[in-house]
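This report concerns only the one structure given below.
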Amino acid sequence: MALDLARWQFGITTIYHFLFVPLTIGLSVIVASLQTAWHRTGRTEYLRATKFFGKLFLINFAMGVVTGIVQEFQFGMNWSAYSTFVGDVFGAPLAMEALLAFFLESTFIGLWIFGWDKLPRRVHLACIWAAAVGTNLSAYFILAANAWMRHPVGYEVDPVTGRARLTDIVAVLTNDQAWSTYLHVVAAAFVAAGLFVAAVSAYKLWRNREPREHELFRKSMRAGFVVTAVAGALVALSGDHQAKLMAQYEPMKLAGAEALWDDEHGAGFSLFAVGDIQDGRNHVNVQVPGVLAFLATGSVEGDVQGINDIQARYEQVFGPGDYRPNIGVLYWAFRLMMGLGMAGVAVSVVGLWLTRKGRLFPYRWQYPFVIAALPAALVATVFGWVLTEMGRQPWTVVGELLTAHSVSPGVSPTEVAVSLSAFTAIYLVLAVVEAGLLFRYVKAGPAAVMPYPEDDAAEPDTTDDRVPAFVY
832 MALDLARWQF GITTIYHFLF VPLTIGLSVI VASLQTAWHR TGRTEYLRAT KFFGKLFLIN
892 FAMGVVTGIV QEFQFGMNWS AYSTFVGDVF GAPLAMEALL AFFLESTFIG LWIFGWDKLP
952 RRVHLACIWA AAVGTNLSAY FILAANAWMR HPVGYEVDPV TGRARLTDIV AVLTNDQAWS
1012 TYLHVVAAAF VAAGLFVAAV SAYKLWRNRE PREHELFRKS MRAGFVVTAV AGALVALSGD
1072 HQAKLMAQYE PMKLAGAEAL WDDEHGAGFS LFAVGDIQDG RNHVNVQVPG VLAFLATGSV
1132 EGDVQGINDI QARYEQVFGP GDYRPNIGVL YWAFRLMMGL GMAGVAVSVV GLWLTRKGRL
1192 FPYRWQYPFV IAALPAALVA TVFGWVLTEM GRQPWTVVGE LLTAHSVSPG VSPTEVAVSL
1252 SAFTAIYLVL AVVEAGLLFR YVKAGPAAVM PYPEDDAAEP DTTDDRVPAF VY
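First residue of the sequence shown? That's 832 in the numbering used here, and the numbers climb one at a time after it.
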């Protein structure tokens, strides 16, 4: 009971935190790019867009920091046995993330916020780019630590203490799973961030309350579409590589995500399946022939391992036990991740076509589709994370440590239930605060951070190194 509650708690807090991560990763670069455009052209609309989307980025960043701090506490609260085993290895990339990447992004974000009228324009621009680099570097260190759990390298188990001991930090940081996962996650983050910019712009154009904003938001909406379309192509390419690594290092996850029960030559990709998990077979399985084999091996004639056969092999290696993850969750998480993600990218591609040559959408009812694409993309990233984490079960460290052996031995179900309830309630409050703040400033628009001039006044000259400060 304590194990199940601890898993629910970690899942809820991790998923909630991960809603802010992709937006932070992508928006940091988008805001930096907008400020670069202003720096190079001196056009006021780029400055206004920088400050508007920068405001939304800062709200999201702050909430991400608050919710991320909880993650470290849980390692000691509910997962002390896991922390004892992996601490010597897991601690290294996390320390690098905190001491190098997080300090980099937090320091330069502070300089960027308070340095608008105090720093030269080039130095101020460098601050937001440094923060963006720090944000993306932070993601790499965290994903390298996570990748080690799925494909442990650069370590040995101390025969006396029974703990994993780091022997090669370079191997951990250059793990195949690490850099491949990083490319996939960051590309997905830019899909979400691009759709965020497009959705906010579409909302402002849909409401149509400030005619002077039309050109700004038309351009920002198209910029969001471009980011999403390019990032969507990178998601597909990196996802293909992820599938091949999955077949090599995590065959049970791949088989579970496809409900493939037995080893198969030239396996097809399942579009829809209904099966019996206890008996290990499908009653209905609509497939596209050869596609899964190609994804896993690069050949439509490749061999793909099935759940039943992998289970038998694992029992020979690791002893009796059920080494299958939750097949139903993996199967549908995989499809929802791909389906919702592709839908968001498709909206962007269609949006680029409909808004070409300086046009807006011909019909107002088309804007809600752009707005709806944002939650679809965020949910897709959540299902991707569910696939990654639940596909590793029943292991916390594949081949070394079972999840059942990772939970804190002295924590009672009541204690976990209390902390689970408390965190869930707090996170619900934070969700309301986050949504309220974002909606408030989106509704207020760019004028809230950089007022428009009076009708008889010209736009301010922004080519000088000193720019009037606008409070965040």
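Note that the Cβ used here is the ideal one computed from N, Cα and C, for glycine as well. Note that the structure is a prediction, hence the values are computed from the model and not measured.
8 Å or more divides the Cβ of Lys1188 from the Cβ of Ala1127.
The closest CA to that of Val1273, considering only Ile1108, Phe934, Leu887 and Arg871, is found on Leu887. Counting only unbroken stretches of 3 or more residues, the beta strand (DSSP E) elements lying wholly within the segment 1108-1182 are 1112-1119, in sequence order. Counting along the chain, Trp1037 sits inside the alpha helix (DSSP H) bounded by residues Asp1007 to Arg1038. Burial of Lys1084 is indicated by the presence of at least 16 other C-beta atoms within 10 angstroms of its C-beta.
By the neighbour-count criterion, in which a residue is buried when 16 or more other Cβ atoms sit within 10 angstroms of its Cβ, Gln1136 is buried. Shortest Cα-Cα distance from Glu936 to any of Asn967, Trp1010, Thr915 and Ala1164 involves Asn967. Per DSSP, reduced to three states, the secondary structure at Ser1239 is coil, with no helix or strand assignment. Cβ neighbours of Asn891 within its own chain (closer than 7 Å, five residues either side excluded): Phe851, Leu854, Thr855 and Leu858. Assigned with DSSP and collapsed to three states, Trp910 falls in coil, not helix or strand. Within the segment 841-923, the complete alpha helix (DSSP H) segments at least 4 residues long are 875-908, listed from N- to C-terminus. Less than 8 Å divides the Cβ of Gln1118 from the Cβ of Ser1101. Note: Ser1101 is bridge-paired with Gln1118 in the DSSP secondary-structure output. Val1213 is positioned such that its CB atom lies no closer than 8 Å to that of Phe884. Taking 8 Å as the cut-off, the Cβ atoms of Val920 and Thr844 do not count as close.
DSSP lists no bridge partner for Val1213. Per DSSP, the beta-bridge partners of Gly1106 are Asn1113.
The beta carbon of Leu1014 is closer than 6 Å to those of Ser1069 in its chain, skipping five residues each way along the sequence. When DSSP reads this structure, His982 sits in no beta bridge, so it has no partner. Its chain contains Asn1006, Gln1008, Ala1009 and Thr1012 as the residues whose beta carbon lies nearer than 6 Å to that of Ala978, once the 5 sequence neighbours on both sides are disregarded; these appear in chain order. With respect to Ala1204, Leu1026 sits close: the two C-beta atoms are nearer than 8 Å.
Annotation for Ala1090: no alpha helix (DSSP H) segment contains it, and DSSP assigns it neither H nor E. Counting along the chain, the unbroken alpha helix (DSSP H) around Ala1248 starts and ends at Pro1244 to Ala1275.
Less than 8 Å separates the beta-carbon of Ala932 from that of Gly965. A distance below 6 Å between beta-carbons, with the five flanking residues on each side excluded, links Val1058 to the following residues of its chain, in chain order: Phe1021 and Gly1025. Going by DSSP, Leu1004 is part of the alpha helix (DSSP H) stretching over Ile1000 to Leu1004.
For Tyr1194, the number of other beta carbons within 10 angstroms of its own is below 16, and it is reported as exposed.
Judged by DSSP secondary structure, Arg996 falls within the beta strand (DSSP E) whose first and last residues are Ala995 to Leu997.
For Val1228, the enclosing beta strand (DSSP E) covers residues Trp1226 to Val1228.
Residue pairing of Glu987 in beta bridges, as defined by DSSP: Arg996. Burial is judged here by how many other beta carbons sit within 10 angstroms of a residue's own beta carbon; Gln1147 has fewer than 16 and is exposed.
Bridge pairing for Leu1232: Val1228 [DSSP].
Ranked by Cα distance from Glu1095, the first of Phe1103, Val1115 and Phe1125 is Phe1125. Remark: C-beta atoms of Val1105 and Val1115 approach each other more closely than 8 Å. Beta-bridge analysis with DSSP links His1072 to no other residue. Comparing alpha-carbon positions, the option among Glu987, Ala1067, Tyr1198 and Ser1250 lying closest to Gly1230 turns out to be Glu987.
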